[in-house]
Amino acid sequence: MVCHSLDSPSGRALNMQALGNLNCLRTLALLSLLVVFTISAAVAADVHGAVTNAQGGEALGKIQVAIAGTVFIAPTGADGKFHISQVPPGTYVLRISGVGYRTLSVPFELVAADESKEFLLTLAPDNFRRTDVVEVRSDIFEAKDWPAVGDLTLTSSELQQTSTVLANDPFRSLQALPGVSASANNDFLAQFSVMGAPYEQVGVYVDDVLVPNLLHSVVNVSDAPTLSLLTGNDVEELRLMPVAYPVRYADGSGAALAIRTRTGSDGHPLFHGSVGVADSEFLGEGGFGHAHKGTWLLDARKSYLGYLERLLAGTRFSEDGFYDADLKLTYSITPTQTLSLLATGGQISINDPSPPPIDNPNILKTGSNDLAIARLGWRWIPTANILVESHAAFVRTAFEQDKAAAQLINRSLDREWSSGTNVSWNWRRGMILQAGYSLRRPTQDSED
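Written out as structure tokens, the structure reads:
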């Protein structure tokens with residue numbers, strides 16, 4: 007492109023050249039701006055990286071990655087990777103958050119406009135427990151020393167990932183396993199069947215304690231919502247044994263479900279709250295005592311499942327109360343002895359606001375169910391090859407049903423004291439011999 011001089015003997019030629027020069031200057035200005043913007047885009051700062059799970063190391067998708075105080079936000083893809091471009095130089099905080107995971111904040115600084123920052127980030131689940139292990143060899147008693155045929159196991163992280171939209175309920179996570187189905191194909195019910203065996207024939211054990219009833223439910227009411235007493239944040243592991251289960255879990259004729267409750271983290275206190283469509287939950291955990299020899303975990307939940315069922319399924323019952331709480335304490339008396347205390351309980355109350363106008367003793371107006379479990383445990387490792395575990399427990403279940411005329415239909419109070427001891431001896435590498443006993447003393451009081 008050539009721009010001519012304004013020196014011309016002709017006035018008409020002068021005007022033509024002036025107009026041409028004006029167009030020439032305008033084009034040069036546009037080209038200059040284009041070059042500036044191209045150079046700026048080429049040297050803009052770049053922030054990218056990947057997000058993985060602390061348990062298992064798998065990539066996490068749909069995790070929000072944002073630069074705090076700015077408009078820069080990017081979700082992670084299915085491969086866990088994210089990319090943020092056009093970030094000007096400065097000091098920032100990268101904030102990573104996702105449903106079911108603890109929020110992570112990472113400060114960083116961009117000095118030059120062409121700088122590139124890469125992050126390899128790890129998110130911990132809400133129920134993740136960090137432990138510091140001094141010994142490099144594994145615990146010989148942690149192996150699966152009581153194998154069962156076709157057993158199915160769900161860890162705490164897997165329970166969070168398989169929880170349904172309705173509720174964070176471990177029993178509903180079990181319904182996603184092969185051979186397990188929801189009772190009556192009703193998502194509002196926590197009961198399940200295992201290979202055709204009904205829920206009533208499944209033996210449920212919480213830290214080796216047989217619990218006859220672990221459900222918020224009302225007797226003989228099939229259209230009222232049900233929910234398990236524990237949440238996914240309370241459970242470390244679920245192990246479902248459909249057949250050929252060990253004799254220590256042989257109280258049920260259909261299947262055996264062994265639940266191992268979670269121990270709180272031994273670091274600084276952590277608190278987490280969540281509000282969902284079906285429930286609200288508060289979780290706190292941490293360490294206490296000298297050198298953090300003790301841990302604590304407190305979980306409380308209020309559920310709205312009954313309201314949802316009445317709204318969506320059109321049942322005749324409204325929910326007056328649906329809540330539970332869980333407390334777990336552990337304390338290391340010596341390096342080889344540990345005490346633990348588990349206390350959990352809850353209540354459900356249902357009400358029919360408009361029962362049929364007939365005096366029938368079978369027509370239910372109100373119903374309630376109170377559950378309570380207390381367990382004191384002791385773990386002792388006298389030698390490197392011997393493990394002794396002992397416990398004492400109390401389980402209480404109370405039902406009450408009334409009809410419209412405020413007359414009692416049924417009232418029941420079940421109580422059970424139990425104790426047990428298990429001894430494991432690793433007499434040869436990979437071979438463990440177990441022996442133990444369990445005692446139960448159930449009592450039942452009922453009134454019609």
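The opening residue of the sequence shown carries number 7 in the working numbering; numbering runs sequentially from there. A virtual CB, placed ideally from N, CA and C, is assigned to each residue, including glycine.
Residue from the options with nearest C-alpha to residue i
i	options	result
glutamine 392	Ser189, Trp433, Leu276	According to the sequence displayed, residue 392 carries isoleucine and not glutamine. Ranking Ser189, Trp433, Leu276 by Cα distance to isoleucine 392 puts Trp433 first.
alanine 130	Phe294, Leu276, Pro341	Leu276
arginine 254	Ser452, His54, Gly426	Gly426
threonine 232	Asp240, Gly238, Leu220, His296	Leu220
tyrosine 251	Ser374, Glu64, Leu158	Leu158
proline 64	Gly96, Ser91, Gln167	Looking at the sequence provided, one finds glutamate at residue 64 rather than proline. Measuring from the Cα of glutamate 64, the nearest candidate turns out to be Gln167.
tyrosine 310	His222, Arg245, Ser338, Glu124	His222
serine 95	Tyr107, Gly83, Val105, Thr76	At residue 95 the sequence reads proline, which differs from the serine that was named. Ranking Tyr107, Gly83, Val105, Thr76 by Cα distance to proline 95 puts Thr76 first.
arginine 421	Gln413, Arg447, Ile438	Arg447
asparagine 226	Ser374, Pro388, Ala398	Ser374
isoleucine 379	Leu370, Gly292, Val217, Thr301	Val217
aspartate 214	Glu453, Asp272, Leu445, Asp454	Leu445
alanine 118	Lys308, Thr97, Arg385, Glu406	Thr97
leucine 382	Lys123, Val93, Asp376, Leu348	Leu348
leucine 116	Tyr107, Leu126, Gly62, Val53	Val53
serine 122	Ile90, Tyr107, Gly106	Ile90
aspartate 240	Leu183, Ala256, Val224, Leu333	Leu333
7 Å Cβ shell around residue i - same chain, five flanking residues per side excluded
i	result
glycine 436	none
glycine 258	Gln207, Val208, Gly209
proline 248	Gly156, Gly185, Val200, Met201, Ala261
phenylalanine 198	Phe177, Leu180, Gln181, Val186, Ser187, Ala188, Ser189, Tyr205
arginine 245	Asp157, Thr159, Ala264
lysine 299	Tyr337, Ser338
leucine 66	Val57, Thr58, Asn59, Thr82, Gly86, Gly104, Leu129
tryptophan 423	Phe400, Arg447
alanine 196	Asp175, Phe177, Arg178, Leu221, Thr232, Leu233, Ser234
glutamate 274	Correcting the residue identity first, residue 274 is histidine in this sequence and not glutamate. Closer than 7 Å at Cβ, skipping near neighbours: Gly292.
Same chain, Cβ closer than 6 Å to residue i, neighbours up to 5 away in sequence not counted
i	result
serine 103	Gln70, Thr109
alanine 306	Phe288, Ala331
arginine 266	Glu242, Glu243
glycine 279	Phe288
alanine 74	Val99, Arg101
threonine 372	Asn357, Asp408
glycine 290	Phe277, Leu304
aspartate 451	Leu419
aspartate 272	Gly293, His298, Thr301
Residue burial classification, residue i (beta-carbon count within 10 angstroms, cutoff 16)
i	result
aspartate 85	exposed
valine 212	buried
tyrosine 443	exposed
phenylalanine 194	buried
lysine 68	exposed
asparagine 191	exposed
alanine 399	buried
threonine 344	buried
aspartate 454	exposed
glycine 352	buried
leucine 370	buried
Residue i versus residue j - alpha carbon distance
i	j	result
serine 111	serine 286	25 Å
alanine 47	isoleucine 79	Legend: pLDDT at alanine 47 = 44, less than 50; position of this residue unreliable, value from coordinates given subsequently. Near 19 Å, if we compare the C-alpha coordinates of isoleucine 79 and alanine 47.
aspartate 132	proline 204	32 Å
arginine 402	phenylalanine 328	17 Å
valine 140	proline 341	Annotation note: pLDDT 40 at valine 140 (below 50); position unreliable, coordinate value reported separately. Taking the straight line joining both Cα atoms gives about 12 Å.
serine 396	asparagine 428	6 Å
alanine 441	glycine 270	29 Å
serine 355	valine 281	21 Å
alanine 72	arginine 268	32 Å
tryptophan 302	glycine 295	11 Å
asparagine 51	glycine 292	For clarity, residue 51 is alanine in the given sequence; the question names asparagine instead. Rounded to the nearest angstrom, the two C-alpha atoms are 40 Å apart.
glutamate 124	leucine 236	40 Å
glutamate 406	aspartate 376	9 Å
threonine 449	proline 388	36 Å
Cutoff 8 Å; reference residue i; Cβ partners in own chain excluding five residues on either side
i	result
glycine 238	Asn133, Ser162, Leu165, Gln166, Ser169, Asn174, Asp175, Pro176, Ser179
Discussion item. Quick check for students: name the residue ranges of the beta strand (DSSP E) that lie wholly in the stretch 377–435, counting only runs of 3 or more.
Written reply: 392–408, 414–434
Discussion item. I'd like the ranges of any beta strand (DSSP E) spanning at least 3 consecutive residues and lying wholly in the stretch 41–119.
Written reply: 51–59, 70–73, 79–81, 87–93, 96–103, 110–116
Worksheet entry | Runs of beta strand (DSSP E) wholly within the stretch 263–350 (minimum 3 residues, chain order) | 276–281, 285–294, 300–309, 324–340
Practice prompt. Just list the alpha helix (DSSP H) runs in the stretch 228–264, keeping only unbroken ones of 4 residues or longer that don't cross its boundaries, in chain order.
Written response: none
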